[in-house]
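Structure, as C-alpha cells:
Residue numbers (the numbering used here), protein chains in the order written: chain A, 937 to 1082; chain B, 3 to 224.
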C-alpha cells in the first residue's frame, strides 16, 4: 500500500530540531503534513515508554530529532537519547514491527532545509513500509480513494 | 542487590496465551535499581504486549502497577483488589517476589517476566556485576574483601589454579582472575599473612545443599 497517508510522530528537541522546524516554516519550505511534532526540552528526556506509546496509539513511524552531536544544550542529552532509540528499535522488532519505523536524526536550529528534507525522507520511508498493523485508521491518499 | 534480566519476549507472550486480562506487576526494589522490573519497565513491557496482541487481533487488557517490594507481605497486600479482576499476574520481580505473590494469591496464576540472575552491584548505570553467591560462609576477611566463591570461576578457596595467565582467567581473557585480585589487594594492604592461612573445605551445608534457608531475628518475632 504505497499510497496511504502515514501518521508520523517527531519528538523534537526545543533548542535544535524544534528551532529548525520553526525556521523551515519561516523559509516557507514545503514538507509533508504527516508529521506531528512533540516538543521536548531535550531529547535526553526520551525513554522507550514515550516511543512505544506513540506506536501503540497507531503511529506508522516515529523519529527523534535532537541537536548535532557535541552541541546539546544540556551537554549530552542527545547522546543519552541515541542508545535509547536503538534499544527501542529492538523492542518494536520483538513485537513484529520493522525497526526502520523508528529513527534518530541530528540537526541544528539553523538547519531548516534539513528538517524539511528529513520529514520528506522519513515519510517516504514509511510510505514504502506501508501502514503499521497497529494503525486502526489507515488513511488512503484522497486522489487514490476518489 | 538482586539482579534480574527480562525473559525473551516470545517466552513471555507464550506464558500469557489464552489470557484476556493480566496484571503486570513491577517491583520497586532491586529490579528497579537494575532497570529491569520497575515502573518504567512495566510500562514498556505492557506496551509491547498490547501491541503484539493487537496485531494478532486478540487484544490483551493490562493493569499496570508497581509496588514498593514484592518480597514483603504488606506491599503485595496492596494489589488485593486488583488480582481478582485479572486472569493472571505477570510479575516483574525476582524469583522471591514471584513466589511471594503466588503464595499470597493462590487462586490466580503468577508468571515470572524476569530471569533472576545474580547478587551484585552497579559498576555504572546499566552495567551490573556479580559479587556474591550467597554461600552462607563469608570468607571476605581472609581475602581482602574479594570473594573467591563469586570471583574465581572455580570457586577455589586456596589460591589460583593453573589456568590463571597474566591476571586473567582461562574461561575468558576478559575475566579477571579472582585470586590474582585477592593477592594483589592483600599485598597492597600488607595482609599477605591471611593468604598463608589454609582455608578449610567450604561448609556447603550453609549453601543450597541444606535446603531452603531462613533467617530469623528472634527479637522481632511476635
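By construction, the Cβ of each residue, glycine as well, lies at the ideal position given by its N, Cα and C atoms.
Quantities reported herein were computed from a predicted structural model and do not represent experimental measurements.
Interface flag, residue i vs chain A, CB-CB below 8 Å
i: residue 81 of chain B; result: no
i: residue 45 of chain B; result: yes
i: residue 125 of chain B; result: no
i: residue 50 of chain B; result: yes
i: residue 18 of chain B; result: no
i: residue 222 of chain B; result: no
i: residue 120 of chain B; result: no
i: residue 102 of chain B; result: no
Limits of the beta strand (DSSP E) - the one that residue i falls within
i: residue 974 of chain A; result: 971-976
i: residue 148 of chain B; result: Note, residue 148 of chain B: premise wrong, no beta strand (DSSP E); not H, not E.
i: residue 23 of chain B; result: 23-29
i: residue 180 of chain B; result: Careful: residue 180 of chain B lies outside any beta strand (DSSP E), inside the alpha helix (DSSP H) at 180-191.
i: residue 133 of chain B; result: 129-134
i: residue 87 of chain B; result: It is not in any beta strand (DSSP E) - residue 87 of chain B carries neither H nor E in the DSSP assignment.
i: residue 69 of chain B; result: 63-69
i: residue 1038 of chain A; result: 1038-1042
i: residue 985 of chain A; result: Counting along the chain, residue 985 of chain A falls outside any beta strand (DSSP E), though it belongs to the alpha helix (DSSP H) covering 984-992.
Residue-chain proximity (residue i, chain B), Cβ-Cβ < 8 Å
i: residue 942 of chain A; result: no
i: residue 1010 of chain A; result: no
i: residue 983 of chain A; result: yes
i: residue 1095 of chain A; result: Outside the modelled stretch of chain A, which goes from 937 to 1082, sits residue 1095 of chain A, for which no answer is possible.
i: residue 1070 of chain A; result: yes
i: residue 976 of chain A; result: no
i: residue 988 of chain A; result: yes
i: residue 1073 of chain A; result: no
Distance between residue j and residue i (C-alpha atoms, nearest Å)
i: residue 119 of chain B; j: residue 1071 of chain A; result: 37 Å
i: residue 37 of chain B; j: residue 43 of chain B; result: 7 Å
i: residue 227 of chain B; j: residue 202 of chain B; result: One cannot answer for residue 227 of chain B here, as it falls past the ends of chain B, which runs 3 to 224.
i: residue 100 of chain B; j: residue 209 of chain B; result: 22 Å
i: residue 72 of chain B; j: residue 133 of chain B; result: 23 Å
i: residue 1048 of chain A; j: residue 963 of chain A; result: 8 Å
i: residue 1023 of chain A; j: residue 984 of chain A; result: 8 Å
i: residue 883 of chain A; j: residue 159 of chain B; result: The question about residue 883 of chain A has no answer here: the residues shown for chain A are numbered 937 through 1082.
i: residue 115 of chain B; j: residue 191 of chain B; result: 44 Å
i: residue 945 of chain A; j: residue 1067 of chain A; result: 14 Å
i: residue 167 of chain B; j: residue 138 of chain B; result: 30 Å
i: residue 198 of chain B; j: residue 218 of chain B; result: 35 Å
i: residue 11 of chain B; j: residue 162 of chain B; result: 40 Å
i: residue 230 of chain B; j: residue 156 of chain B; result: Coverage of chain B is limited to positions 3 through 224, which leaves residue 230 of chain B absent and any answer about it impossible.
i: residue 1060 of chain A; j: residue 173 of chain B; result: 49 Å
i: residue 105 of chain B; j: residue 1017 of chain A; result: 40 Å
i: residue 59 of chain B; j: residue 996 of chain A; result: 18 Å
i: residue 211 of chain B; j: residue 35 of chain B; result: 30 Å
i: residue 1011 of chain A; j: residue 1051 of chain A; result: 22 Å
i: residue 176 of chain B; j: residue 943 of chain A; result: 46 Å
i: residue 957 of chain A; j: residue 169 of chain B; result: 55 Å
i: residue 7 of chain B; j: residue 117 of chain B; result: 5 Å
Start and end residues, alpha helix (DSSP H) containing residue i
i: residue 77 of chain B; result: 75-78
i: residue 56 of chain B; result: 41-57
i: residue 962 of chain A; result: 953-962
i: residue 98 of chain B; result: 97-106
i: residue 1065 of chain A; result: 1048-1065
i: residue 944 of chain A; result: Looking at the DSSP string, residue 944 of chain A is not in any alpha helix (DSSP H); the run it does join, the beta strand (DSSP E), is 944-949.
i: residue 121 of chain B; result: Careful: residue 121 of chain B lies outside any alpha helix (DSSP H), inside the beta strand (DSSP E) at 116-126.
i: residue 196 of chain B; result: 195-198
i: residue 1013 of chain A; result: 1013-1031
i: residue 33 of chain B; result: 32-35
Contact under 8 Å by Cβ, residue i with residue j
i: residue 26 of chain B; j: residue 103 of chain B; result: no
i: residue 952 of chain A; j: residue 1043 of chain A; result: yes
i: residue 66 of chain B; j: residue 48 of chain B; result: yes
i: residue 1013 of chain A; j: residue 980 of chain A; result: yes
i: residue 136 of chain B; j: residue 112 of chain B; result: no
i: residue 80 of chain B; j: residue 23 of chain B; result: no
i: residue 982 of chain A; j: residue 947 of chain A; result: yes
i: residue 976 of chain A; j: residue 1003 of chain A; result: no
i: residue 18 of chain B; j: residue 62 of chain B; result: yes
i: residue 959 of chain A; j: residue 1046 of chain A; result: yes
i: residue 21 of chain B; j: residue 74 of chain B; result: no
Quiz item: Relative to chain A, which residues along the region 53-78 of chain B have a C-beta separation below 7 Å, given in chain order?
Solution: Answer set for the region 53-78 of chain B: 53, 54, 56, 57.
Practice problem: Closer than 9 Å, Cβ to Cβ, to anything on chain A: give me those residues from the region 178-202 of chain B, in chain order. | Solution: Going along the region 178-202 of chain B in chain order, one finds no residue with a Cβ nearer than 9 Å to chain A.
Practice problem: Compile a chain-ordered list of the residues in the region 1021-1045 of chain A whose CB is closer than 7 Å to at least one CB of chain B. | Solution: So the close ones are 1027, 1030, 1031, 1032.
Exercise. Taking only beta carbons into account, state which residues of the region 24-45 of chain B come closer than 7 Å to chain A, listed in chain order.
Key: Against chain A - using a Cβ distance shorter than 7 Å - the residues of the region 24-45 of chain B are 42, 45.
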